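Going line by line, the protein sequences match chains A and B. Residues in the first sequence are numbered from 14 upward in steps of one, following the working numbering. Residues in the second sequence are numbered from 14 upward in steps of one, following the working numbering.
2 protein chains.
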Amino acid sequence: MKIDPSTPADLSQQIAKAIRDAIISGALPVDERLPSEAELADQFSVSRPTVREALKRLAAQSLIRTQRGATGGAFVNRLRFEDAYGQQITTSTLLLSMNDVSFATACEARYALERACAPLSATRRSADHLATMRAEIHRQGQPGLTDEAFCASDVAFHRALVDAAGNPVLSYQLAGAVEAMQPLMNMITFTARSREMIIGLHGDIADAITAQDAGKADAHLAELASYTQQLAQDVIAKRDAQRGA
Amino acid sequence: MKIDPSTPADLSQQIAKAIRDAIISGALPVDERLPSEAELADQFSVSRPTVREALKRLAAQSLIRTQRGATGGAFVNRLRFEDAYGQQITTSTLLLSMNDVSFATACEARYALERACAPLSATRRSADHLATMRAEIHRQGQPGLTDEAFCASDVAFHRALVDAAGNPVLSYQLAGAVEAMQPLMNMITFTARSREMIIGLHGDIADAITAQDAGKADAHLAELASYTQQLAQDVIAKRDAQRGA
DNA sequence: AGACGTTTAATTGTCTGACAAATGAAAATT
DNA sequence: AATTTTCATTTGTCAGACAATTAAACGTCT
Numbered sequence: 014m015k016i017d018p019s020t021p022a023d024l025s026q027q028i029a030k031a032i033r034d035a036i037i038s039g040a041l042p043v044d045e046r047l048p049s050e051a052e053l054a055d056q057f058s059v060s061r062p063t064v065r066e067a068l069k070r071l072a073a074q075s076l077i078r079t080q081r082g083a084t085g086g087a088f089v090n091r092l093r094f095e096d097a098y099g100q101q102i103t104t105s106t107l108l109l110s111m112n113d114v115s116f117a118t119a120c121e122a123r124y125a126l127e128r129a130c131a132p133l134s135a136t137r138r139s140a141d142h143l144a145t146m147r148a149e150i151h152r153q154g155q156p157g158l159t160d161e162a163f164c165a166s167d168v169a170f171h172r173a174l175v176d177a178a179g180n181p182v183l184s185y186q187l188a189g190a191v192e193a194m195q196p197l198m199n200m201i202t203f204t205a206r207s208r209e210m211i212i213g214l215h216g217d218i219a220d221a222i223t224a225q226d227a228g229k230a231d232a233h234l235a236e237l238a239s240y241t242q243q244l245a246q247d248v249i250a251k252r253d254a255q256r257g258a
Numbered sequence: 014m015k016i017d018p019s020t021p022a023d024l025s026q027q028i029a030k031a032i033r034d035a036i037i038s039g040a041l042p043v044d045e046r047l048p049s050e051a052e053l054a055d056q057f058s059v060s061r062p063t064v065r066e067a068l069k070r071l072a073a074q075s076l077i078r079t080q081r082g083a084t085g086g087a088f089v090n091r092l093r094f095e096d097a098y099g100q101q102i103t104t105s106t107l108l109l110s111m112n113d114v115s116f117a118t119a120c121e122a123r124y125a126l127e128r129a130c131a132p133l134s135a136t137r138r139s140a141d142h143l144a145t146m147r148a149e150i151h152r153q154g155q156p157g158l159t160d161e162a163f164c165a166s167d168v169a170f171h172r173a174l175v176d177a178a179g180n181p182v183l184s185y186q187l188a189g190a191v192e193a194m195q196p197l198m199n200m201i202t203f204t205a206r207s208r209e210m211i212i213g214l215h216g217d218i219a220d221a222i223t224a225q226d227a228g229k230a231d232a233h234l235a236e237l238a239s240y241t242q243q244l245a246q247d248v249i250a251k252r253d254a255q256r257g258a
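As structure tokens, then:
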């Protein structure tokens, strides 16, 4: 494991890259213990603080975990889907907020991805996923629910729909898209009527998944997508009208 | 910006979290300069190395960038889609390799997501994207191409297909799924006949996208998906047979 | 001999102080 | 006025030290 001596600055970045590459290539297998900080400092001919900065970079990506004590040290971490969810959601949220991604674009992506899951969910749905979906639909109908709570339940419903596909790769990819949308969805004020409409469509989707009818599920998801877009357009139109006045 | 004094260990992690939350919440806007390391050390009542470890964690996530010199310091970084691609691909690759995700599962996810893009790509495809797809198809037909190069071209073809949807959120999400598949795809040895078959299907897909025929594009993608699964199963069957012998 | 407390060595977490390198701004010079 | 020089600020790096933690080795008592 060597570092590039051509660019003298940012030693910790170079060391982090060297170790990261070793992990990705498989040279350092999961649960392998890295040399101690002092040994790494010797190997790379740098000081311990510099090594530590490199290790913190890797820890931020969940590539290693550290443990104190006699048998402690830094260990190659098995990256689990659950661990990656959080980072994925953070990154997606920032991407949307920092790049002025329109509601329409984010919404389009989200529903396109969800519709990709629907046929698989219809085939594989378990009783557990169906129960979660029904429970969230029921919650959405409770009076006195804030818009934020309604949105959170909406996210939970869609998460269950995606998880029903039984494919962790899909669940991981969609977690970012669905959760990152929530701040944007929160901008919409849901009237009693629009909530009723959404809850109805959720029911239709749940029914179709229960009946393992992929076509119907897809059709109702398409309806929900266009209705959501419609709601957002109304909000934007109202806001613009107020600005003009 | 405060840190939780209940858990004394891992100060750098707590400080990183505090700053990260400030960025996500928007309290620290893009291009805002953070206080100098010395000032942060004062504010959080820790030493400078601890602050530096926290900053390196954030730098690893591309949340900040640092600059030396008189007017230097740490600045909140605008997270761009291009920057996020790399992290997404790294994470996806490790998730697949470290969690024993089967070829079938990864393949299913990838084609499900791609089929979600197809209707949008058929509508919005530009001449540029079509040209890229045709160019990659041509390259795939060149004699003497290694399996790795064939796979790389395959990835490029599918990237163009996804990018044609004109939705950066979709492109970002799919980048991980498609690129992370490549190491798995590389395990397949492509015979002359299977390459011909794949190139033919790529041609069909490109034709359908050119003709803006979403239905046909979806049908050919489904064909390609099942053919790829078939190839993988053959490889696995052969390997198992050899082991038994 | 076996169970239980104690010591000890290894390792990470944190601090202090220092110097080098980069960099833009201010001051001095032409 | 333009250019060069100086300088203050800030990050990058180093050396050494001590505290906190942890498991293994050791010793002691039953």
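A virtual CB, placed ideally from N, CA and C, is assigned to each residue, including glycine. Computed from a predicted model, the values in this text were never measured in an experiment.
Whole angstroms are fine: how far does the CA of B:Ser139 sit from the CA of B:Leu187?
Going from the Cα of B:Leu187 to the Cα of B:Ser139 covers about 19 Å.
Applying a beta-carbon distance threshold of less than 9 Å, which residues of chain A neighbour B:Tyr240?
Think of a sphere of 9 Å around the beta carbon of B:Tyr240: no beta carbon from chain A falls inside it, the nearest being about 19 Å out.
I want to verify the contact list: residues of chain A whose CB lies under 8 Å from the CB of B:Glu66, in sequence order.
Here the neighbours are Arg65, Glu66 and Lys69.
For A:Phe203, name the three-state secondary structure that DSSP assigns.
DSSP places A:Phe203 outside both helix and strand once states are collapsed to three, so it counts as coil.
Less than 8 Å between C-beta atoms, sequence neighbours within five positions excluded: which residues of the same chain meet that for A:Ile28?
These residues qualify, in order along the chain: Ile16, Leu53, Phe57, Val59, Thr63, Val64 and Ala67.
Quick check on B:Thr84: buried or exposed, where buried means 16 or more other Cβ atoms within 10 Å of its Cβ?
By the neighbour-count criterion, in which a residue is buried when 16 or more other Cβ atoms sit within 10 angstroms of its Cβ, B:Thr84 is exposed.
Taking contact to mean 3 or more Cβ pairs, one atom from each stretch, closer than 8 Å, check whether the region 70-79 of chain B and the region 42-53 of chain A are in contact.
Proximity of the region 70-79 of chain B to the region 42-53 of chain A falls short of the contact definition, fewer than three beta-carbon pairs being nearer than 8 Å.
For A:Gln100, which residues in chain B fall below 9 Å Cβ to Cβ?
The answer, in chain order, is Gln74, Gln100 and Thr104.
Can you list, in chain order, the residues of its chain with a C-beta nearer than 7 Å to that of B:Gln242? Leave out the 5 residues immediately preceding and following it.
The residues are Ala117 and Cys120.
In the DSSP assignment, find the unbroken beta strand (DSSP E) run with B:Ala87 in it and report its ends.
Per DSSP, the unbroken beta strand (DSSP E) holding B:Ala87 starts and ends at Gly86 to Val89.
Just to check my reading of the structure: B:Ala40 and B:Ser105 have Cβ atoms closer than 8 Å, yes? What is that Cβ distance to the nearest angstrom?
Going by Cβ atoms, the distance from B:Ala40 to B:Ser105 rounds to 31 Å, so no, they are not a contact pair.
Using a cut-off of 9 Å between C-beta atoms, extract the partners of B:Phe203 located in chain A.
Identification of chain A residues near B:Phe203 by a Cβ-Cβ cut-off of 9 Å yields none; the smallest Cβ-Cβ distance measures about 23 Å.
At what residues does the alpha helix (DSSP H) containing A:Arg172 begin and finish?
Run containing A:Arg172: Asp160 to Asp176, per the alpha helix (DSSP H) assignment.
Thinking C-beta only, is B:Met200 closer than 8 Å to B:Val248?
Cβ atoms of B:Val248 and B:Met200: closer than 8 Å.
Just to confirm my understanding: we take B:Leu244, look at its own chain, exclude 5 residues before and 5 after, and list those with CB closer than 7 Å. What are they?
Ile201 and Ser207, listed in sequence order.
Hey, how far is the Cα of A:Val182 from the Cα of A:Arg256?
Cα-Cα distance, rounded: 44 Å.
Nearest to B:Ile211 by CA position, among B:Asp253, B:Gln225 and B:Val168, is which residue?
Closest in alpha carbon position to B:Ile211, among B:Asp253, B:Gln225 and B:Val168, is B:Val168.
Let's test the definition: count the other Cβ atoms within 10 Å of the Cβ of A:Gly189 and tell me whether it reaches 16, buried, or not, exposed.
So A:Gly189 ends up on the buried side.
Whose C-beta lies closer than 6 Å to the C-beta of B:Leu126 among residues of the same chain, with five residues either side of it excluded?
Same-chain partners within the cutoff: Leu187 and Ala190.
Work out the CA separation of B:Val175 and B:Ser134 for me, nearest whole Å.
Taking the Cα positions, B:Ser134 is about 7 Å away from B:Val175.
By the criterion of Cβ-Cβ separation under 8 Å, what are the contact partners of A:Cys130 in chain B?
Result: Ala125.
Unbroken alpha helix (DSSP H) runs of length 4 or more, entirely within the region 108-142 of chain A: which are they?
List check, alpha helix (DSSP H) in window: 116-137.
Let me know the secondary structure DSSP gives B:Arg33 once reduced to three states.
Helix.
Minimum Cβ-Cβ distance from B:Asn112 to chain A less than 8 Å
Contact with chain A is found for B:Asn112, since one of that chain's Cβ atoms lies less than 8 Å from the residue's Cβ.
Just to make sure I have the definition right: I need the residues of chain A whose C-beta is within less than 9 Å of the C-beta of B:Pro62. Which are they?
The answer, in chain order, is Pro62, Arg65 and Glu66.
Give me whichever residues DSSP pairs with B:Thr79 in a beta bridge.
Its beta-bridge partners are B:Ala87.
DSSP three-state assignment for B:Arg208, whether helix, strand or coil:
Three-state result, B:Arg208: helix.
On the DSSP bridge list, what partners appear for A:Arg46?
Note: A:Arg46 sits in a beta bridge opposite A:Phe88.
Tell me the rounded alpha-carbon separation between B:Ser225 and B:Asp217.
Per the sequence shown, residue 225 of chain B should be read as Gln rather than Ser. Take the alpha-carbon of B:Gln225 and the one of B:Asp217: they are about 12 Å apart.
By the three-class DSSP mapping on this structure, what secondary structure does B:Val59 have?
It is coil, neither helix nor strand.
Given that A:Phe94 touches chain B, what residues does it touch there, using C-beta distances under 8 Å?
Correct list: Leu108 and Asn112.
Under 8 Å from the C-beta of B:Gly189: neighbouring residues of chain A
Under the 8 Å cutoff, chain A gives Gln186.
Close-in-space but distant-in-sequence residues of the same chain around B:Gln101 (CB under 7 Å, 5 per side omitted)
Excluding positions up to five away in sequence, the list reads Tyr185, Ala188 and Gly189.
Identity of the residue in A:Ala173, A:Leu107 and A:Ala87 nearest A:Ala51 by Cα
The shortest Cα separation from A:Ala51 among A:Ala173, A:Leu107 and A:Ala87 belongs to A:Ala87.
Measure from the alpha carbon of A:Glu95 to the alpha carbon of each residue in B:Asp96, B:Leu92 and B:Asn112, then state which is nearest.
It is B:Asn112.
Can A:Arg70 and B:Lys69 be called in contact, C-beta distance under 8 Å?
A:Arg70 is a Cβ neighbour of B:Lys69, given a cutoff of 8 Å.
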